[in-house]
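In case it helps, mature numbering (1 follows the signal peptide of the UniProt record, and there is no 0) puts the sequence shown at residues -20 to -1, 1 to 443.
All C-beta atoms in this analysis are idealised placements derived from N, C-alpha and C, irrespective of residue type, glycine included.
Please read all numbers here as calculations on a predicted model, not as lab measurements.
Reading through the structure tokens given below for one structure.
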Amino acid sequence: MKKILALLFGALLACCFMFAGCDQTEIGDEPIDGLDPNTEVKISFMHMWSEHSAAIQSIIDGFEKKYPNITVEISITPYDQIEQVLQAAFISGKLPNVYIFYTHYMNPLVSASDGVMAGTLNNLHDEIVDSFIQPDAWEMGNINGNYYSVPFRATGELVFYNKTLFEEKGWEKPDTFEEFEQLMDKIYADGDYIPLAAGGQDDQITYLINAMSLFLSVLDGSVDEPGYQVGRLEPDEDISDAVAVYEKVRDWYKQEYFGRGAIAVSSSGAIKQFTSRNAAMVFANVNNLGDITSIMPNDQIDAFAIPAPEVISDEVKYVFGGYDGISYSPVASKDEMAASLMLIRYLVSDEVQQILADRTQSIIVNKNVEYHDATYAAFAEEYKYVGAYATGIDYMTGDHSAGNNTIMSAYIAGTSGLTAAETIKLLNDNVYMDMQDTLINDPPVDWYPRQNPKKDFDRSWLN
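If you want it as structure tokens, here you go:
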């Protein structure tokens, strides 16, 4: 499907360059000139937060009051439809001037050629990146050396835990990976609770593989490699550390640390195990907090990001997640693009980000925001690790690697018939086939050789 869309977008671009009927200006770089205050401009803004429509409307009203020459038309599209709606809007020549999409999933919108559905934001990045809770978050929207999305609101899944139950049992929130594993063992040994309810159907068990893989990359120095930073560091011949990661998670699965048959359980099913007090911990999003606390009024709920091994525990944690981001249409008039950038700057300003934190109980990207609710303040502290050591890939992914999470889950469940080493090789081979696929990468790209020897480190946490 992505290949078809890439060809279709390419054909459409050719139409826009050849015929005046497309009524679009030439795709250019991020506008650097401001808008003449005497020039009246109308732009469109699409978001996906119907539950926060009143707050967004109020913010846009404030923008129009500050810039009376700019009118903003708002539309709302459900989050699970927004990719298809945006693609259809582009094809029909009605792409919103400013829109919300996922910073960590910009590939589908720029898969035909750089910036086909999103304009570059390199100048804005340099201007405001220091105000972000996690500057690396920008790298999630970095494709082929360009930024296409401004992180706007953090979204991700933490480990929620029943603090009341923990106090009853004498269990403590872990600060290191070693303590996390010991906690899982204690809960399992207690015999009354699932240690960590996880929706294998929604790939939640693979979060632990992702977490430990990130910790390995920090410990062995891979995160400093140029190849890592563009998402194509050449796989090592010795993959024993990676094998240990996969085998550890599979062993946990076999012992039912995630619950019986967890690979077939949905994320909502896992939350039900937690709210019914059958599980001590669960993977969940901050968006689930209200529902969980309403079902468990007598229990105090807290959360944490997956902690790293002790030696790097102050440096990194893992949160599976990304960001709702802001992008703009590059196929618009110069005045429309200038007004679009003005709106984006306004939306990520200290003033507006504070309004969003106060009125929507969202985890906001601006590090200067204050949370007046202690629970959300604690969650925000953990969410700052969303996107830590993120990579900006310089190639497009496609059909070959699209099923990699399914392959990982099949290994965890023991249904693939593959060893950990064979699974890892298959995953790498799939990524490589995408890199070499000229329908999505022309010219194709190759693995980036490691430039420096891997650092040695204490592997006791892998045992």
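Assignment of Gly301 by DSSP, reduced to helix, strand and coil, places it in the strand class. Sequence-distant Cβ neighbours of Trp427 in its own chain, meaning closer than 6 Å and more than five residues away, are Arg212, Glu214. Rounded to whole angstroms, Ile113 and Lys347 show a C-alpha spacing of 5 Å. Around the beta carbon of Asp183, a 10 Å sphere encloses 16 or more other beta carbons of the protein chains shown; the residue is thus reported as buried. Selection Leu89, Asp16, Ala34 evaluated against Gly378 yields Leu89 as nearest (Cα-Cα).
Per DSSP, Phe238 is not a residue of any alpha helix (DSSP H), being assigned neither H nor E. Counting along the chain, Gly136 sits inside the beta strand (DSSP E) bounded by residues 130 to 142. Cβ contact annotation for Leu336 (same chain, cutoff 6 Å, sequence separation greater than five): Ser342, Ile344, in chain order. Only exposed fits Thr19, as fewer than 16 other CB atoms lie within 10 angstroms of its CB. Per DSSP, Thr403 is not a residue of any beta strand (DSSP E); the alpha helix (DSSP H) it occupies stretches across 400 to 416.
Taking C-beta separations shorter than 6 Å and ignoring five residues to either side along the sequence, the partners of Tyr233 in its chain run Ile392, following chain order. Leu213 sits in a strand when the DSSP states are folded into three classes. In terms of CA proximity to Ala224, Leu188 leads the group Gln235, Glu205, Leu188.
Per DSSP, the beta-bridge partners of Asp282 are Tyr141. When rounded, the separation of the alpha-carbon atoms in Arg240 and Ile108 is 47 Å. Looking at the DSSP output, Ile219 shares a beta bridge with no other residue. Segment contact: the region 157 to 176 against the region 257 to 270, three or more CB-CB distances shorter than 8 Å; contact assigned. Here Arg439 is exposed. Its C-beta has fewer than 16 other C-beta atoms within 10 Å. One alpha carbon belongs to Met413, the other to Ile404, and they sit about 14 Å apart.
The distance from the Cβ of Val296 to that of Ala117 is about 14 Å, inconsistent with a contact at the 8 Å cut-off.
Per DSSP, the continuous beta strand (DSSP E) segment holding Tyr82 begins and ends at 78 to 82. It is roughly 13 Å from the alpha-carbon of Ala370 to the alpha-carbon of Lys364. Contact between Ile54 and Phe81 is absent: CB atoms are separated by about 16 Å, not below the 8 Å threshold. In the DSSP annotation of this structure, the continuous segment of the alpha helix (DSSP H) that includes Val332 starts and ends at 330 to 340.
DSSP places Ser24 in the uninterrupted beta strand (DSSP E) bounded by 21 to 27. One thing to note: Glu205 has its Cβ within 8 Å of the Cβ of Gln431.
For Val210 against Ile373, the beta-carbon gap comes to about 6 Å, under 8 Å, which counts as contact.
Listed in chain order, the non-local C-beta contacts of Leu15 below 7 Å within the same chain comprise Val21, Asp315, Ala318, Ala319, Met322, local neighbours out to five positions each way being set aside. In this structure Leu66 is in contact with Met97, their Cβ atoms being roughly 7 Å apart against a cut-off of 8 Å. Rounded to whole angstroms, Glu137 and Ile272 show a C-alpha spacing of 14 Å.
A distance of 8 Å or more separates the beta carbons of Ile281 and Phe160. A straight-line Cα-Cα distance of about 43 Å links Ile251 and Pro433. For Phe437, same chain residues with a beta-carbon under 6 Å away, outside a window of 5 residues either side, are Leu199 in chain order. Just measuring C-alpha positions, the residue of Val349, Phe300, Ser33, Lys228 sitting nearest Phe263 is Phe300. In the three-state reduction of the DSSP assignment, Asn443 falls in the coil class.
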